[in-house]
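Reading through the structure tokens given below for one structure.
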Amino acid sequence: MKLPPLATLRAFESAARKQSFSLAAQELGMTATAVSQHVRNLEAWLGVALFDRHARGVRLTPAGREFGITVSGGLRQIASGAERIRRGRDRMTVHLASLPSVVAHFLTPRLPRFRALHPEIQVSISYAGGDHTVEADLSIIHGATPAQKAVALFSAETRPTCAPAYIAKSGPFDDASSLCQAELLHDDGETAWRDWLATAHLPLPHSAGLIFADFNLLVTALKAGQGIGLCPTALLRDEITEGQLTVLFDRASDTEKYYWLIEAEEMSASARLLSDWLLKEARESETRGNYSAAAS
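Below you can see the structure in the form of structure tokens.
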């Protein structure tokens, strides 16, 4: 197999992509003169001009455009293959970025089962932030349909939820209007409760309920019997099924939202195993954990 020198291909690919020798030089950490010389050597090797040179810069020839597509694709494949090999030593580690609420209420109770099935795979969990795909094999996010290719794990519909102890102390809550006299707890702000009550044609009560900036703090307060919160009932399915929390009404808000699983473009076999397992667990959880609201 007779190939041009790799250095000439790297210089040409960068120059072709940026349509500039000087910008290619900045990217490759060399001088524009060196980039130009590499390109000339490649042109001599091929026996064809790849650039038209003029006073204001350079422009790809038809042959240059065609060869640029070929070289760019080839170098991307090499880089991808090299990265897979380079990460081979970490192949058994899967990086999962997730919302803290999903870690606390869905992943933590279930991951021991995955570890029992695949003790050779280490799962590294981090927060899913604004740029949730960076350095993550898998990401779990919340919201409406994301821009990325994603699979819905489970619904994010929210319903009034509280501890049985709060019903015993402050109930009964037979209809939505009875909530206007209850202690309403808020996750981040009052908007969620205002929207849910509006679906029942009710105003938000004037009494100031506690606001929690973190959903897990809200759930802790609910379990302690401090009030009623709007909660994603699918996420809290375990607590509801076990009787720690009770769903008061079937009426839901955030019906268009889901918890989504997003896969990286390049995934190891270990990451694929975890992805398939998460989807299976989500489906089985939905099947096992059916619940009925305390009131209609």
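Here our numbering is used: position 254 in the sequence shown is 237, and no number is missing along the way.
For glycine and all other residues, C-beta sits at the position ideal for the given N, C-alpha and C.
**Span of the alpha helix (DSSP H) around P92** = Where P92 is concerned, the enclosing alpha helix (DSSP H) stretches over 91 to 100.
**Request:** Could you tell me if V31 is buried or exposed, where buried requires 16 or more neighbouring beta carbons within 10 angstroms of its beta carbon?
**Result:** exposed
**Prompt:** Just to confirm, are Y149 and I211 a CB contact at a threshold of 8 Å?
**Reply:** yes
**Message:** Any heavy atom of the ligand MN closer than 7 Å to the beta-carbon of D237?
**Reply:** The ligand content of the structure shown is nil, which means the ligand MN is not present either.
**Request:** Go ahead and pull the three-state DSSP assignment for R234.
**Result:** coil
**Prompt:** Run through DSSP, which three-state label would H37 get?
**Reply:** strand
**Message:** My output table needs one value for H189: the three-state DSSP class, helix, strand or coil.
**Reply:** coil
**Spatial distance of L205 from A254 (CA atoms)** = 35 Å
**Item:** Cβ neighbours of D73 in the same chain (closer than 7 Å, five flanking residues each side left out)
**Value:** Only weak support exists for where D73 lies, its pLDDT of 49 falling under 50; the value from the coordinates is given anyway. For D73, where only same-chain residues beyond five positions count, there are no Cβ hits under 7 Å.
**Where H125 falls: helix, strand or coil (DSSP)** = Strand.
**Spatial distance of A46 from G12 (CA atoms)** = 26 Å
**Prompt:** Straight-line CA distance for S251 to H78?
**Reply:** 11 Å
**Asked** Can you list the beta strand (DSSP E) stretches of 3 or more residues lying completely in the region -3 to 32, in chain order?
**Response** none
**Asked** How big is the Cα-Cα spacing for Q227 and E66?
**Response** 47 Å
**Request:** Taking A135 as the reference, give the member of H189, D170, R266, I108 with the closest Cα.
**Result:** R266
**Request:** Identify the continuous alpha helix (DSSP H) that holds D221 and give its terminal residues.
**Result:** 220 to 224
**Request:** Would you please state the rounded distance, in angstroms, between the beta carbons of T229 and C145? I believe it to be under 8 Å.
**Result:** The pair is a contact, with the Cβ atoms about 6 Å apart (cut-off 8 Å).
**Unbroken alpha helix (DSSP H) run spanning F137, endpoints** = Looking at the DSSP string, F137 is not in any alpha helix (DSSP H); the run it does join, the beta strand (DSSP E), is 133 to 138.
**DSSP beta-bridge partners of G212** = T144, L168
**Item:** Close-in-space but distant-in-sequence residues of the same chain around I194 (CB under 6 Å, 5 per side omitted)
**Value:** H169
**Backbone CA spacing between Q60 and E249 [nearest angstrom]** = So the two alpha carbons sit approximately 12 Å from each other.
**For S3, the nearest candidate out of R36, A247, T203 (CA to CA)** = R36
**Asked** Whose CA, out of L200, L58, S268, lies closest to the CA of Q209?
**Response** Of the listed residues, the one whose Cα sits closest to Q209 is L200.
**Item:** Coil, strand or helix - E246 by DSSP
**Value:** E246 falls in the strand class under three-state DSSP.
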